[in-house]
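Number 12 in this note's numbering belongs to position 12 of the sequence shown; there are no gaps in the numbering. Heads up, the thing below is written out as structure tokens.
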Amino acid sequence: MLFLLRFSSLSFISARKMTDLTKLLSDSSVSAQQAAEKLASPCLEAIKKNEDASKIEGEFDGLWSSVLSAAEQTPHDKQGKLVETLHAIKTIPQSAEKVVVWGEEKRWDELPMFGGKAREQLDIEKSDEAFVNINGFFARATAAGVDDLSLFAIWTLREALEDLAADKISETSPKLLKASSVWFIYAADALAKASKDGKQFDGKVAKPGASLAEFKDEAGWRGFNNDRWKVWLDRLSTLKEADVPEETKSSVVQALSGIRKA
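Here it is in structure tokens:
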């Protein structure tokens, strides 16, 4: 019963914040900074009052759920204000405050719980459009330096461009092809830098896809590298002449443009 009451409370908080955020984003008279301060105030107040961990975590849960839900519902090319709002939340002056969430001490400007909530949101079943939009938001947030979500790029690109063999890429779902494209449309520079720097991740979370399994134990294939970047470019390039929906092809063309400028 206590669990159900707490779950209902968190759902109410999330729904309330989502309504507030939708209104704030659509109101041109409200700046991203003003929106950020309004949305973050319950979290900051809970921290200031030294509320118990469950209360603080509940406020963060509601805050990030509203941001991520808005990202799913907002076309990726219209998420500018949402990304600015997230950046403004991160840079709120009270960012010196530290808080314990999920058993770890975090600074406010580390966006406590955001990365974990973002990962959860990526795994939740959603419409094709919402999946593309959330990937666009993660790409834009990464490019803007708000949070490094580049591991999510590898997961999407792996499923879209690495699991099937090179000559079968056109059989990848339009959802995945468009989701992989938005990473290059908005964050090609960031991904190119990660590739040149050889950015790696712990364990096997960033291992290569099925068609590249021969490299799974090779140095540099637990993350970004120049060879992997070339695979993505080459396989995306084949789609320009492939039999895929025009909307998908348009996204791919934009992605290739972003890659070549990076």
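From the three backbone atoms N, C-alpha and C, an ideal C-beta is built for every residue, glycine too.
- Inter-residue distance for Arg228 and Ser195 is about 8 Å (C-alpha atoms, whole angstroms).
- Taking all protein chains shown into account, Glu241 has fewer than 16 neighbouring C-beta atoms within 10 Å of its C-beta and is therefore exposed.
- Taking the Cα of Ser173 as reference, the smallest distance to any Cα among Ser54, Pro93, Leu21, Asp243 is reached at Asp243.
- Listed in chain order, the non-local C-beta contacts of Glu105 below 7 Å within the same chain comprise Lys98, local neighbours out to five positions each way being set aside.
- Listed as beta-bridge partners of Gly223 by DSSP are Gln200.
- Taking the Cβ atoms as the reference, Lys216 lies roughly 18 Å from Lys230, outside the contact range of under 8 Å.
- Going by C-alpha positions, Ala40 is about 15 Å away from Leu25.
- Within the segment 17–70, the alpha helix (DSSP H) runs of at least 4 residues that lie entirely inside it are, in chain order, 32–48.
- Rounded to the nearest whole angstrom, the CA to CA distance from Lys249 to Ser181 is 10 Å.
- Between the beta-carbon of Glu57 and that of Val101 there is about 5 Å, and that keeps the pair under the 8 Å contact cut.
- Cβ-Cβ distances below 7 Å link Pro112 to Phe60, Val99, Val101, Lys106 in the same chain, with the five nearest sequence neighbours on each side left out; the list follows chain order.
- When DSSP reads this structure, Glu247 sits in no beta bridge, so it has no partner.
- Between the alpha carbons of Gly198 and Ile154 lies a distance of about 13 Å.
- Taking a C-beta distance under 7 Å as the contact criterion, Ala179 and Asn135 qualify as a contact pair.
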